[in-house]
Amino acid sequence: MTNLPASEIRALREALTHPHGTGSGRQCAADIEITPHESEPAPHEPEATLATHHDDYHTHHGRPAKTPMQPVDIDQIATTWAPRFELLADLTRLKLLSYMHIYPGSCVQDLAKAAGITQTAASQALRVLRDEGWVSAQRAGRLMRYTLKDTAAHQMLHFIGHTHV
Numbered sequence: 097m098t099n100l101p102a103s104e105i106r107a108l109r110e111a112l113t114h115p116h117g118t119g120s121g122r123q124c125a126a127d128i129e130i131t132p133h134e135s136e137p138a139p140h141e142p143e144a145t146l147a148t149h150h151d152d153y154h155t156h157h158g159r160p161a162k163t164p165m166q167p168v169d170i171d172q173i174a175t176t177w178a179p180r181f182e183l184l185a186d187l188t189r190l191k192l193l194s195y196m197h198i199y200p201g202s203c204v205q206d207l208a209k210a211a212g213i214t215q216t217a218a219s220q221a222l223r224v225l226r227d228e229g230w231v232s233a234q235r236a237g238r239l240m241r242y243t244l245k246d247t248a249a250h251q252m253l254h255f256i257g258h259t260h261v
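See below:
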């Protein structure tokens with residue numbers, strides 16, 4: 097059994113379309129067993145592999161893994177998260193949240209410039225985020241400084257790849 101890099105797997109798949117005629121001197125692709133990546137379920141036991149991955153994921157994140165028999169209130173989850181995703185679905189708000197995440201305490205002028213929008217548009221979007229409890233605003237002289245306040249929003253930004261400076 098051989099574990100191969102992705103480039104070799106691609107070459108082998110190509111060889112499969114022209115078996116024995118590649119002229120490359122490589123071993124015939126049909127004679128090599130390709131093992132799936134550890135996170136891919138094995139074709140002969142998908143349920144066991146997925147259950148193990150699911151259990152490992154939840155155990156790793158500090159939560160007990162749910163068994164298929166435990167009830168889940170899908171309506172409650174959807175009702176809770178749909179408005180959050182709605183806020184993130186707006187490109188302007190997502191840009192502002194991203195910039196605030198990286199540079200907490202930014203003023204409206206900096207946020208507007210970073211998002212490529214007017215200060216008025218930034219203020220309107222920030223008002224929505226403030227009303228929803230996602231950001232807080234503090235006056236610093238004549239400027240309003242905005243900071244990400246909501247823990248779930250902060251975690252979502254990390255999940256989609258944002259980091260701190």
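Position in the sequence shown (first residue = 1) + 96 = our numbering. Each residue gets a CB set at the ideal place from its N, CA and C atoms; glycine is no exception. Since we're looking at a predicted model, the values are computed, not measured.
Please tell me whether residue i and residue j are closer than 8 Å, where the distance is taken between their beta carbons.
i, j, result
"K191", "A210", "yes"
"D246", "G229", "yes"
Residues in its own chain within less than 8 Å of residue i by CB, not counting five upstream and five downstream?
i, result
"V204", "Q215, A218, S219, L222, L239, M240 and Y242"
"R189", "L183, A221, V224 and L225"
"D186", "A221"
In this structure, what does DSSP give as the bridge partners for residue i?
i, result
"Q234", "R241"
"S194", "In the DSSP output, where bridge partners are listed per residue, S194 has none listed."
"S202", "Y242"
Rounded to a whole number of angstroms, what is the C-alpha to C-alpha distance between residue i and residue j?
i, j, result
"L194", "Q234", "The question names Leu, but residue 194 is Ser in the sequence shown. For S194 and Q234, the distance between alpha carbons rounds to 18 Å."
"F181", "A248", "11 Å"
"I170", "L244", "28 Å"
"V231", "T176", "18 Å"
"E136", "T259", "Per-residue confidence for E136 stands at a pLDDT of 46, beneath the threshold of 50, marking its modelled position as unreliable; no derived number is given."
"V261", "V168", "38 Å"
"I173", "Q251", "17 Å"
"S202", "A236", "11 Å"
"D227", "F255", "23 Å"
Ignore the nearest five residues each way along the sequence and tell me which others in residue i's own chain have a CB closer than 6 Å to its CB.
i, result
"A178", "none"
"L207", "L192, Y195 and A218"
Beta-carbon within less than 7 Å of residue i's beta-carbon, same chain only, minus the 5 sequence neighbours each way: which residues are those?
i, result
"L253", "L193, S194 and H197"
"A144", "In this predicted model, A144 has a pLDDT of only 44, less than 50, meaning its place in the structure is not dependable; the value taken from the coordinates is given anyway. If we look at A144 and ignore the five residues flanking it on each side, it has no Cβ neighbours."
"P200", "T243 and L244"
"I213", "T188"
"N166", "The amino acid at residue 166 is misidentified as Asn; the sequence shows Gln. Within the same chain, Q166 has no close Cβ partners at all."
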